[in-house]
Amino acid sequence: MKPNLNEHVLDTLSKSNHLNHLKQLQAYLTTLGHAHTHFYAFKLIRFCTLTLSNPTYARLIFDHIPSLNTHLFTAMITAYAAHPATHPSALSLFRHMLRSQPPRPNHFIFPHALKTCPESCAAESLHAQIVKSGFHEYPVVQTALVDSYSKVSGGLGNAKKVFDEMSDRSVVSFTAMVSGFARVGDVESAVRVFGEMLDRDVPSWNALIAGCTQNGAFTQGIELFRRMVFECNRPNGVTVVCALSACGHMGMLQLGRWIHGYVYKNGLAFDSFVLNALVDMYGKCGSLGKARKVFEMNPEKGLTSWNSMINCFALHGQSDSAIAIFEQMVEGGGGVRPDEVTFVGLLNACTHGGLVEKGYWYFEMMVQEYGIEPQIEHYGCLIDLLGRAGRFDEAMDVVKGMSMEPDEVVWGSLLNGCKVHGRTDLAEFAAKKLIEIDPHNGGYRIMLANVYGELGKWDEVRNVWRTLKQQKSYKVPGCSWIEVDDQVHQFYSLDKSNPKTEDLYIVLESLVGFRNEVMGEP
DNA sequence: TTAGGGTTAG
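No gaps in the numbering here: position 378 of the first sequence is 378 in UniProt numbering, and each next residue is one more.
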């Protein structure tokens, strides 16, 4: 028996992911005179959106439908809203719909249109339209407004206003507000709004934990993660990614390992985001072998996967491995193209390995072969590289040729190089530049004083210290930490409070001695 | 058909 048309169409669409199948189906529907009926046109547009990610073909179908309804406009705007590149098309189609008569927009279409607002005024204009159409008291529309406003620059005030005026706030609207605050770095307000919630689900926990980790509040992020688990909310891939990022930054290998176990037990090991975050966590915690193992296991290595692995090796000075991964990426990475992050990692690897020529070569490759405009990070790496190698003329040429103002990393790298190679004249220049950029940073003034000391300019030394005392601008001491047997040990610069300080310094000195021997330095 | 959450950089 021949299956009916409905079943045939739906069956084909559910089993295929190919444009050709869609075209065959379209041809078949055309012969039956059904290609432009609302029901089938809608199904075909949804297929283009959800399965093919092809808004262009969706538009082709859309443009051949003789009489459009609101439902089809919504489908087309959703297709455009799925890709940032087609957001302008979504808005212009929506404006076209508003100008033409009928179909009129309903409350379903506004949330989709709001997703495509690039800036505050676009959201405001849609907001006006929402009020005009009488949909401003629909909770879903209000939530979409809160979300849209909080994503455009300078829109948080409006987001807050809409949120405060809502009479029926859901867990979704609260979550939109939490991430709105987090997005502008206001973790405190995000925590406060989260505290006001009566119900919390996994995405709302995620919004707050992500807000913490994205703003550098790693300890708080970890605490929330533990609380979330304790309160029996099951972390998902998103939660795990944020928590792993915090573990990496804090060097919390034990917790990182626990999360790895959780990932396996809960079927999250197929999520590429999760695997990348694991690679990053292991790398930052010093377990390069584990990082590599997880990386190798990932069957869908994307750009971030490669970048994370390169960064791991770069971070630990294993420049050869970093370069090998890069070459593997370019040659057999399944068409993955390096981006600016890749080159930051690669240049760092060269810096840590003292590979000046190679670093230069990769810098050129980035610009010439990949057409990537160097960012300040790349200049920082290059100058670090040249400075360490004592090639100051070239370093200064690079500084002069930069298309942006050199920042503290650039001058700091140069200053470091000067210290190693005894170029006190240039060091003085770099230190002064650093003070110009951040006059209240006491650390820079101390560096300058040290440079003057080496030059024997004792009056200048006294002057610098006088300013320093007047400003009371001592630098916040540098801090690092390591986890051993479930315990985190913190060390501040010049801090001798650890009971094993003496032993630690003996080991440290022997390591420095060993390094100098290897590097041929005195 | 409708609203919220994600990794990598000196």
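Ideal placement from N, C-alpha and C gives every residue a C-beta, glycine not left out.
Remember, predicted model here, so these are calculated numbers, not experimental data.
Item	Value
Quick check on DSSP: helix, strand or coil for Ala217?	coil
Within 10 angstroms of the Cβ of Ile506, are there 16 or more other Cβ atoms? Answer buried if so, exposed if not.	exposed
Span of the alpha helix (DSSP H) holding Arg169?	No alpha helix (DSSP H) holds Arg169; DSSP gives it neither H nor E.
Under a three-way DSSP split, which group does Val367 fall into?	helix
Given that a residue counts as buried once 16 or more other Cβ atoms are within 10 Å of its Cβ, and exposed if not, what is Glu428?	buried
Grouping DSSP H, G and I as helix and E and B as strand, with all else coil, what is Ser53?	coil
Using a Cβ-Cβ cutoff of less than 8 Å, which residues in the same chain neighbour Leu275 once the five nearest sequence positions on both sides are dropped?	Ala269, Val294, Phe295, Met297, Asn298 and Ser305
Between the alpha carbons of His18 and Thr12, how many angstroms are there, rounded?	10 Å
Just how far apart, CA to CA, sit Asn450 and Glu436?	17 Å
Provide the residue span of the alpha helix (DSSP H) that contains Glu119, from first to last.	Glu119 -> no alpha helix (DSSP H), and no H or E assigned at all.
Between Ser189 and Leu382, what straight-line distance do the alpha-carbon atoms span, to the nearest angstrom?	40 Å
Whose C-alpha, out of Arg192, Pro374 and Val461, is nearest the C-alpha of Val399?	Pro374
Quick check: the Cα distance between Cys418 and Gly412, rounded to an integer number of angstroms?	10 Å
Comparing C-alpha positions only, which one of Gly248, Glu357, Val461 and Val240 sits nearest to Gly261?	Val240
According to DSSP, simplified to helix, strand and coil, what is Tyr362?	helix
Restricting to Cα atoms, I'd like to know which of Leu385, Ala389 and Lys433 is closest to Pro406.	Lys433
Hey, could you find the ends of the alpha helix (DSSP H) Thr78 is sitting in?	Thr70 to Ala81
Alpha carbon to alpha carbon, how far is Ala395 from Gln470?	34 Å
Consult DSSP for Val187 and reduce its assignment to one of helix, strand or coil.	helix
Taking the alpha carbon of Phe181 as the point to measure from, which residue in Arg391, Ala35 and Ser204 has its own alpha carbon closest?	Ser204
Would you identify the three-state DSSP class for Pro439, choosing helix, strand or coil?	coil
Is it the case that the Cβ atoms of Leu52 and Leu32 are separated by a distance below 8 Å?	no
Label Asn20 either buried or exposed according to how many other C-beta atoms from any shown protein chain fall within 10 Å of its C-beta, with 16 as the threshold for buried.	exposed
In chain order, what residues of the same chain lie with their CB nearer than 6 Å to the CB of Met447, ignoring the 5 residues before and after it?	Ala431
Between Ser150, Met197, Ala207 and Leu198, which lies nearest to Val184 when the distance is taken from Cα to Cα?	Ser150
Which word fits Tyr360, buried or exposed, when buried means at least 16 other C-beta atoms lie within 10 angstroms of its C-beta?	buried
For Phe108, which of helix, strand or coil comes out of DSSP?	coil
According to DSSP, simplified to helix, strand and coil, what is Ala85?	helix
Given 8 Å as the limit, is there contact between the segment 277 to 287 and the segment 319 to 336, that is, 3 or more CB pairs closer than that?	no
Could you have a look at Gln318 and say whether DSSP puts it in helix, strand or coil?	coil
What does the Cβ neighbour count give for Val178, buried or exposed, with the cut at 16 atoms within 10 Å?	buried
Please state the DSSP three-state secondary structure of Lys161.	helix
For the putative contact between residue 525 and His112, defined by C-beta atoms under 8 Å, what is the C-beta separation to the nearest angstrom?	Nothing about residue 525 can be read from this structure; the chain reaches only from 1 to 522.
Apart from the five residues on each side of it in sequence, which residues of its chain come closer than 6 Å, Cβ to Cβ, to Asp280?	Gly248 and Ser308
Going by beta carbon distance, what residues of the same chain come within less than 7 Å of Gln129, once the five residues before and after it are set aside?	Leu98
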